[in-house]
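These notes concern the structure reproduced below.
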Amino acid sequence: MAKYTLTLHSINIQVTLLHLFFYSLPITFIALLYQEPISHILGQWHTLGGAHFPLLIAVSLYLIWIQRSNIRSLQPEPALVSGTLVLATGCFILFAGKIGSTILVQQVSIVPVLLGVILLLGGFSYFKYLFLPVSYLIFLTGCIDYLLGSFAIYFQQITAWISTLLLRAAGFSVFRDEILIMMPHISLLVVSGCSGVNQIVTLLALAVPLAFMTQSTLVRKIILISSALIIGIVVNGMRVAMIGIYALYDEGASLHGPYETFAASVIFFFGFGVMILFSMVLNRTDKNRRTQEDNSPPPDKTQQQFESSDPEQKSFSGKRLASYLFVIPVLALTLGLVHYYHPRYVELESPLTLIPSHMAGFSAWETDDLDQRLRPFPAHEELMRVYEDGQNNRIELYIGYFGIQDRERKIIDYRRSWMHRQVSRQEVAGSDNKIAINKSRRSHQSSESDVYFWYQMDHRIIRNQYAGKFFTFTDTLLKRKNNAAVVVIRARGSDHRIMYFLEEAVPLIKTHLSGRS
């Protein structure tokens with residue numbers, strides 16, 4: 009009997025070591041694959057937008073902890089086909105984000121990669137319990153912030169509308185023009201930083217665990233999570249209204265009140281309190297709430313011990329071994345592609361200085377004192393000029409050429425996102441046909457000017473940011489190059505004279521940039 013016990017113990021040790029070895033390989037590959045995205049996430053912990061990231065990780069781990077007894081009782085049943093498809097999709101997204109120089113896409117890919125590994129190694133039984141904690145990590149990537157941020161102007165308008173209603177209800181004379189709130193004693197402009205998007209995303213992130221811990225049905229969970237969006241918007245409107253009232257009684261003081269009482273962070277603190285109260289109301293109305301965990305008999309610990317001590321159940325079956333043979337090659341191949349597949353640098357065929365300095369009656373001189381928003385960072389090759397015609401018409405031209413795009417220097421960058429706000433299509437007559445470029449506005453202090461811009465890759469003129477990202481990816485993948493240029497023209501003066509200049513300059517610049525090796 010003692011000999012049998014010793015043999016059984018030895019087998020269990022061997023199986024445990026084998027488990028540790030095989031599980032450590034996927035973890036190591038994932039850590040190597042996501043070294044850059046994870047470093048980027050950790051780097052945001054010290055910023056205002058990422059200060060809540062440690063809390064999100066703690067919530068994800070807690071969601072796993074509360075399911076630990078159920079997870080321990082599971083037996084791995086690898087889902088080879090489904091797991092491979094999910095893992096391959098996640099790895100492809102990571103690769104696309106890497107060669108497209110988009111850190112957000114790389115960060116988002118960690119969710120399908122982890123879910124794919126879980127399906128391959130554990131199967132749908134593990135997937136059922138780990139889907140929520142892993143998917144919850146999407147809040148770490150900034151994806152939700154980006155999606156809601158693209159609708160920031162609508163959040164600004166709704167905030168201004170709610171504030172106006174509240175101020176009028178309080179008896180104040182108020183006039184609203186889009187996002188501008190005008191009162192006799194003060195005018196409030198609801199800028200993008202006051203849209204409350206960051207605080208609403210944080211509320212949504214905390215609403216998820218709150219809903220799953222306090223609500224018993226799927227409908228109530230959805231209602232509570234959705235309420236975070238509504239509560240955040242309403243509270244932000246109340247905050248702006250309070251600023252208007254406070255400015256009346258304490259003229260000249262800080263708009264955000266004493267100790268930043270009316271700062272945007274109040275949306276989170278006050279909104280979360282309201283959300284907890286709403287959760288309690290939902291629970292009280294749920295008269296038929298089931299308490300399955302309390303009514304179910306306690307698990308048979310003796311049986312669990314017996315099952316856990318059975319080396320046959322812990323041994324590696326052919327299907328489990330096959331799952332590892334699927335996971336490791338996919339991760340290894342992705343690691344090789346991510347680290348060794350890089351585009352080549354492409355030189356300009358003709359220097360930018362050969363672009364004429366006299367066009368359409370305008371004469372130019374070189375400058376290095378260009379508006380920083382037109383040139384937020386240097387390109388590999390640049391042309392910066394100011395054109396004037398002696399009739400108070402002034403045009404600033406910036407051309408930035410990138411022989412290779414990477415995360416630090418690329419044509420589509422958040423520092424140029426302002427150009428795409430309220431952008432319109434502008435057609436310019438070319439030699440053969442009309443050329444479509446973008447037109448936007450640049451407001452600086454008391455002056456405004458028109459801004460015309462486009463991106464160019466090979467012979468393509470690109471107006472849309474997402475199209476630019478797509479072509480960056482496809483050119484890198486298929487041609488192993490992603491060289492591109494951005495052209496920005498800021499103009500002040502007669503519309504007729506400016507259009508005359510564009511009709512000569514745009515086709516000429518397009519042709520010059522297209523003549524590349």
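The opening position of the sequence shown corresponds to residue 9 in our numbering, with each subsequent residue numbered one higher. Cβ coordinates follow ideal geometry from the N, Cα and C atoms, glycine included.
Tell me whether residue i sits in a helix, a strand or coil according to DSSP, three-state version.
i: ASN446; result: strand
i: ASP458; result: strand
i: ALA437; result: strand
i: SER90; result: helix
i: GLN464; result: strand
i: SER358; result: coil
i: SER451; result: strand
i: SER432; result: strand
i: ARG48; result: The question names Arg, but residue 48 is His in the sequence shown. Helix.
i: THR225; result: coil
i: GLN399; result: coil
i: ASP414; result: coil
i: LYS327; result: helix
i: SER425; result: helix
i: GLY279; result: helix
i: PHE100; result: helix
i: ASN244; result: helix
i: ARG256; result: First, the residue type needs correcting, since residue 256 is Leu and not Arg in the sequence shown. Residue state, collapsed to three classes: helix.
i: THR172; result: helix
i: ASP318; result: Residue placement at ASP318 cannot be trusted, given a pLDDT of 46 that sits under 50; the coordinates are not used to answer.
i: TYR42; result: coil
i: PRO217; result: helix
i: GLN380; result: coil
i: SER234; result: helix
i: GLN83; result: coil
i: PRO337; result: helix
Bridge partners for residue i per DSSP, in chain order?
i: TYR406; result: MET392 and VAL496
i: SER158; result: Answer is none; SER158 lacks a bridge partner.
i: HIS366; result: SER371
Between which two residues does the alpha helix (DSSP H) holding residue i run?
i: ARG468; result: Unbroken run through ARG468 is the beta strand (DSSP E), 468-470; no alpha helix (DSSP H).
i: ILE189; result: Unbroken run through ILE189 is the beta strand (DSSP E), 188-190; no alpha helix (DSSP H).
i: SER77; result: 76-80
i: TRP73; result: 61-73
i: ASP503; result: 503-522
i: TYR349; result: Segment: none, TYR349 is in no alpha helix (DSSP H) and carries neither H nor E.
i: GLN473; result: 473-487
i: TYR144; result: Element bounds for TYR144: n/a, residue is neither H nor E.
i: GLY130; result: GLY130 -> no alpha helix (DSSP H), and no H or E assigned at all.
i: LEU112; result: 111-116
Spatial neighbours of residue i within its chain, please: C-beta separation below 8 Å, excluding the five flanking residues on both sides.
i: ALA10; result: Note that ALA10 scores a pLDDT of 49, beneath 50, so its modelled location is shaky and nothing firm can be said.
i: HIS366; result: ALA372
i: HIS428; result: ASN446, SER448 and GLN473
i: ARG417; result: PHE385, PRO386, ALA387, HIS388 and PHE410
i: LEU148; result: ILE49, PHE61, LEU64, ILE65 and GLN115
i: LEU69; result: PRO141
i: ALA330; result: PRO86 and LEU88
i: PHE280; result: LEU211 and LEU214
i: LEU378; result: MET392, GLU404 and TYR406
Residue i lies in the beta strand (DSSP E); which residues open and close that run?
i: TRP373; result: 370-374
i: LEU196; result: 195-197
i: ARG184; result: 183-185
For chain B, find out if any of its Cβ atoms is closer than 7 Å to the Cβ of residue i; answer yes or no.
i: PHE220; result: Considering every chain present, this structure includes no chain B. It has just one protein chain.
Only counting the same chain, and skipping five residues up and downstream in sequence, which positions put a Cβ closer than 6 Å to that of residue i?
i: GLU404; result: VAL394 and ARG498
i: VAL514; result: VAL436 and ILE443
i: TYR267; result: Residue confidence is low: TYR267 scores 47 on pLDDT, short of 50, so the model does not pin down where it sits. Its coordinate-derived value is still stated next. So no residue of the chain qualifies.
i: LEU122; result: VAL142
i: ILE412; result: PRO351 and TYR353
i: GLU396; result: ARG402
i: VAL289; result: none
Residues in its own chain within less than 7 Å of residue i by CB, not counting five upstream and five downstream?
i: ARG415; result: SER109 and ILE111
i: GLU301; result: A caution first: GLU301 carries a pLDDT of 44, below 50, which makes its placement in the model unreliable, though a value can still be read off. No residues qualify anywhere along the chain.
i: GLY5; result: Since the first and last residues shown for the chain are 9 and 525, residue 5 lies out of range.
i: ALA219; result: LYS229, LEU232 and ILE233
Can we say the region 322-342 touches the region 68-78, given the rule of at least three CB pairs closer than 8 Å? no
Pairs of beta-carbons, one from the region 48-57 and one from the region 130-139, closer than 8 Å: are there three or more? No contact exists between the region 48-57 and the region 130-139.
Can we say the region 94-106 touches the region 161-178, given the rule of at least three CB pairs closer than 8 Å? no
Do the region 86-97 and the region 119-129 meet, that is, are 3 or more Cβ pairs less than 8 Å apart? yes
Quick check: the region 479-494 against the region 337-345, are at least 3 beta-carbon pairs closer than 8 Å? Fewer than three Cβ pairs drawn from the region 337-345 and the region 479-494 lie within less than 8 Å of each other, which leaves the two stretches out of contact.
With a threshold of 8 Å, are at least 3 pairs of Cβ atoms found where one atom belongs to the region 216-229 and the other to the region 181-199? no
For the structure I just gave you, are there three or more beta carbon pairs, one from the region 183-192 and one from the region 39-47, closer than 8 Å? no
Is it a yes or a no for the region 153-162 touching the region 116-123, going by three-plus beta-carbon pairs under 8 Å? no
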